[in-house]
Amino acid sequence: MSQQVFFQPRDGGWVGDVIPFQHDGEFWLFYLHELREEPKPGTAWHLVTTKDLTQFVDHGVSLPHGTVDEPDFNVYTGSVVLDDYDVHHLFYTGQNPRRLGPDGLPLQLVMHATSLDGMKTWAKLRNLTFGAPEGFETADWRDPFVFRDPDGVWRMLVAARHSAGPARRRGVIAQFISRDLMHWREAEPFWDPRRYIMHECPDVFQWGEWWYLVCSEFSDSFTTRYRMAKSPDGPWSVPDLDTIDGRAFYASKSAEREGRRFFFGWIASKEGASDDGAWQWAGTLAVLEARQNDDGTLAFGFTDELVESFWDDVPVSFAEPLPARLATPDGYRAIVSNEDLPGQFYARADFAIDAGTTECGLLLRASDDGDESYVVRLEPKRGRLVFDRWPRRGTGAGQWEISGDVPFEIELERPCPLSPGGHTLEVIVDGEVCVAVVDRRVALSTRIYDRRSGRFGAFVGEGSATVESLVVRKRTDN
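The sequence shown stops at residue 611 when you use the numbering used here, and every number in between is there.
Rendered as structure tokens:
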């Protein structure tokens with residue numbers, strides 16, 4: 134049996150927000166352990182570690198949640214730092230649905246724990262707990278992120294909301310400063326764009342001459358965005374492509390190792406394990422590597438370690454040999470493999486796209502004729518990567534009851550530069566998880582439930598493209 138590509142607890146739980154920490158060359162990935170049970174149990178931090186970003190060791194509970202009477206019955210997102218005395222400090226969000234604020238909603242509090250034994254155990258410092266000061270909503274006061282600025286000052290960022298103003302635009306990243314990690318003084322907000330409902334899971338880091346602010350929002354879309362500046366004090370600019378991934382990859386936070394920057398998030402599951410199900414909170418852990426462009430903007434793709442973990446070639450043959458030129462000025466043409474794909478694989482296709490082409494891409498788990506499949510589609514005219522499927526949702530047997538007017542899976546669209554010429558499309562499928570990457574620049578993650586098996590294909594619509602090469606590999610079975 135092949136090992137997991139994307140980590141998920143084997144105890145039936147799910148991965149919520151990930152809090153990454155690089156420790157002696159190993160990534161310690163604390164995460165919110167979600168159990169979909171009723172009544173809801175408390176949420177704890179669990180820990181999974183990885184050295185090579187392909188094999189993961191699950192250590193179970195790291196930071197236990199509190200009792201039904203304590204303020205941290207739910208232990209939510211935060212951060213971990215190491216001070217000058219080799220003490221690890223863990224800052225986290227405490228919430229208990231039985232403890233309500235003045236607005237009648239559960240309080241959220243910033244809480245603190247420390248470890249003197251290399252993060253094996255944590256001591257909670259309950260006397261250092263604090264909630265939202267005046268001017269902020271008490272029910273949205275979470276995700277403390279602590280970092281040290283160039284002047285040696287510790288800064289704590291808190292995802293918060295103003296208590297007044299248009300309800301959809303009250304999101305703010307509050308800020309506190311400290312010299313000792315124990316005593317905190319409120320400072321001016323770190324980022325206050327009056328743009329989104331909330332800026333969840335803030336993350337700040339420096340890479341070369343640039344500073345980056347990362348956070349997740351659920352106003353315009355459920356996605357993780359980033360901003361750039363030459364100083365941690367801003368001003369922050371918006372890159373042309375400011376998202377890390379699409380709707381399904383959320384709450385991404387980063388960690389650095391040997392000059393490389395990795396983003397850890399979760400790919401959401403869907404209700405009822407169905408393509409038509411609603412997105413759910415929490416899912417499967419996934420890792421993307423950021424690569425810094427010359428202008429400081431970031432590109433996102435698979436790690437080399439992940440790609441190289443797929444060793445064994447999978448035979449894939451077509452009625453015509455590769456390279457295959459697919460040309461259809463005003464129609465559609467596809468080639469479909471003679472073989473079904475395994476449930477877990479890596480695929481790489483190199484396309485040469487002619488000017489004026491409307492679309493091309495790959496078919497996954499396709500029917501013999503390619504008419505039914507999941508579709509990873511490049512759309513050069515619109516400058517985007519989308520995920521699609523056929524058949525689409527239907528509400529009845531009539532022609533007008535088929536969602537043929539839906540151009541792709543809603544919320545699964547990424548802006549993607551697709552100038553004429555060569556482009557590489559990579560896909561990793563691991564059971565119901567699917568991640569596509571274009572040119573190691575643009576990533577799109579999703580779930581695929583309903584079609585459990587099928588063939589592999591390539592297509593072009595209204596234009597021409599050459600499939601210059603195509604490689605499919607799988608991991609060696611254990």
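All residues carry an ideal CB built from backbone N, CA and C; glycine is no exception.
Asked: Taking only runs of the beta strand (DSSP E) that begin and end inside the region 424-458, which ones reach a length of at least 3 residues, in chain order?; Found: 431-434
Asked: Expressed to the nearest angstrom, what Euclidean distance is found between the alpha-carbon atoms of W317 and S311?; Found: 5 Å
Asked: So, using beta-carbon positions, are V208 and H222 closer together than 9 Å?; Found: no
Asked: Taking 9 Å as the cut-off, decide whether the C-beta atoms of A467 and L496 are in contact.; Found: yes
Asked: On the three-state DSSP scale, how would you describe L551?; Found: coil
Asked: Which same chain residues end up closer than 6 Å to K173 when comparing Cβ atoms and leaving out the 5 residues on each side of it in sequence?; Found: none
Asked: Taking 6 Å as the limit between beta carbons, can you name the residues of its chain near G199, skipping five residues before and five after?; Found: D205, F206
Asked: Which runs of the beta strand (DSSP E) spanning at least 3 residues fall entirely within the region 216-274, listed in chain order?; Found: 221-233, 239-248
Asked: With a 10 Å radius around its C-beta and 16 neighbouring C-beta atoms as the bar for buried, classify A381 as buried or exposed.; Found: buried
Asked: Would you kindly check if the distance between the Cβ of F592 and the Cβ of V508 is under 9 Å?; Found: yes
Asked: Which residue's Cα is closest to the Cα of R394: P142, G145, G158, Q141?; Found: G158
Asked: So, helix, strand or coil for Q141, using DSSP?; Found: coil
Asked: Would you call the region 482-491 and the region 554-570 touching, i.e. three or more CB-CB distances under 8 Å?; Found: yes
Asked: Would the beta-carbon of S387 fall within 9 Å of that of F323?; Found: no
Asked: For F433 versus A569, is the C-beta distance shorter than 9 Å?; Found: no
Asked: If you reduce the DSSP assignment to three classes, tell me which class R301 lands in.; Found: helix
Asked: Give the DSSP-derived three-state secondary structure of A460 in the structure shown.; Found: strand
Asked: Assuming R294 contacts G285 under a Cβ cut-off of 8 Å, what Cβ separation, rounded to an integer in Å, is found between them?; Found: Not really, about 30 Å apart at Cβ, beyond 8 Å.
Asked: Have a look at G149 and E342 and give me their C-alpha separation to the nearest angstrom.; Found: 32 Å
Asked: The beta strand (DSSP E) spanning I400 covers which residue range?; Found: 393-403
Asked: For F163, count neighbouring Cβ atoms within 10 angstroms of its own Cβ and tell me buried if that reaches 16, exposed if not.; Found: buried
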